[in-house]
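So in this note's numbering, spot 129 of the sequence shown is number 120, and the numbers just go up one at a time.
Where a beta carbon is used, it is the ideal one built from N, C-alpha and C, also for glycine.
Remarks on the structure that follows.
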Amino acid sequence: MIGKFFKQLTDKPWLPPEQEVVAEINTGAVALAVPPARVALRLFLCVAFVLFSLFSVAYYVRMELDDWRPLAEPGLLWLNTAVILLSSVALQIARQAVQRGNTRTVSFTLTLGGLLTIAFLVGQYMTWGELRGAGYFAAGNPANAFYYLLTAVHGLHLLGGLVVWARTVKRMWQGAEPYQIRLSIELCTTYWHFLALVWLGIFWILIST
């Protein structure tokens, strides 16, 4: 009885049955059709955005104190920035190639995007070595500590993304069709775009202060 009562309240007798279905779709009645993985990624990106925002605010607040000494800019940072942007572009091409069903392009650009990301992480580690060789240790100055912290946290996020990327590449090498890994490639691409933008923000903070 109660269910019938509520159904009567929500009925739209002025619409034909097929138009009523369309109306329900337009009002969000099928919102549960969104893949859970996509929802989870959006929530994770929100959390990550808040985390990096807090780090950025703390950076600017801390640099106002007298013991702050600006960090020397490692020359590799410019090259590393170009590399991570290229990795993001490669994954975007892979995402578009999936929609066209171009298996060879998907295979090449997806693999290239991950390899460029690994190259970026190696480059970041090399900047650490360059700074330590010049005497810029984490304990020596708050600016040094923030540099190591920001780059380490960003690198850990990329390493997590590489785990998903590796699984996707493995499925592709095992013979999966592009449409079968479409969601994984889409999620990887979104994640890479986000981290590329985060790195641009970190890079700007480091070179402007």
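Hey, how far is the Cα of residue i from the Cα of residue j?
i    : j    : result
L68  : V89  : 32 angstroms
S79  : F99  : 14 angstroms
I198 : V189 : 14 angstroms
Y50  : L56  : 11 angstroms
Y138 : G151 : 20 angstroms
L103 : L42  : 29 angstroms
E168 : L101 : 13 angstroms
D58  : T200 : 14 angstroms
L191 : F185 : 10 angstroms
L122 : H145 : 18 angstroms
V97  : Q87  : 8 angstroms
G92  : A85  : 10 angstroms
A37  : V25  : According to the sequence shown, residue 37 is Cys rather than Ala. About 17 angstroms.
M163 : A130 : 45 angstroms
L147 : G66  : 22 angstroms
V12  : L34  : In this prediction, V12 scores a pLDDT of 41, lower than 50, which makes its location untrustworthy; no coordinate-derived value is stated.
E64  : G124 : 13 angstroms
Let me check understanding here. Comparing Cα to Cα, which of the options lies closest to residue i?
i    : options                   : result
T94  : G66, Q171 and C179        : Q171
F40  : D57, W195 and Y182        : Y182
L70  : H148, F111, W164 and T102 : F111
L107 : I75, F99, Y50 and A85     : I75
S175 : G66, G166 and V160        : V160
L149 : Q165, A136, Q115 and F128 : Q115
A136 : G151, G152, W119 and L147 : W119
V113 : A129, F185 and A143       : A143
I109 : L77, S44 and P169         : L77
Q83  : R173, A63 and Y127        : R173
G105 : D58, A81 and G66          : A81
Got a sec? Which residues, its chain only, sit under 8 angstroms from residue i by beta carbon, not counting five neighbours each side?
i    : result
L178 : A28, R29, L32 and V155
M117 : L67
S44  : none
Give every residue of the same chain whose Cβ lies closer than 7 angstroms to the Cβ of residue i, excluding the five residues on either side of it in the sequence, and list them in chain order.
i    : result
L141 : F46 and I193
R60  : N132 and A134
I196 : S47 and Y50
F128 : N135
I'd like the list of long-range same chain contacts for residue i, defined as Cβ closer than 6 angstroms, with 5 residues on each side in sequence excluded.
i   : result
R53 : P133
T72 : F194
Please classify residue i as buried or exposed, where buried requires at least 16 neighbouring CB atoms within 10 angstroms.
i    : result
L62  : buried
A187 : buried
I16  : Below a pLDDT of 50, predicted positions are generally treated as unreliable, and I16, at 42, falls in that range; no measurement from the model is reported.
Please list the segments of the beta strand (DSSP E) lying wholly inside the stretch 73 to 124, counting only runs of 3 or more residues, in order along the chain. The stretch 73 to 124 contains no whole beta strand (DSSP E) run of 3 or more residues.
Could you give the uninterrupted runs of the beta strand (DSSP E) lying entirely in the stretch 134 to 173, keeping only those of 3 residues or more? Runs found: none.
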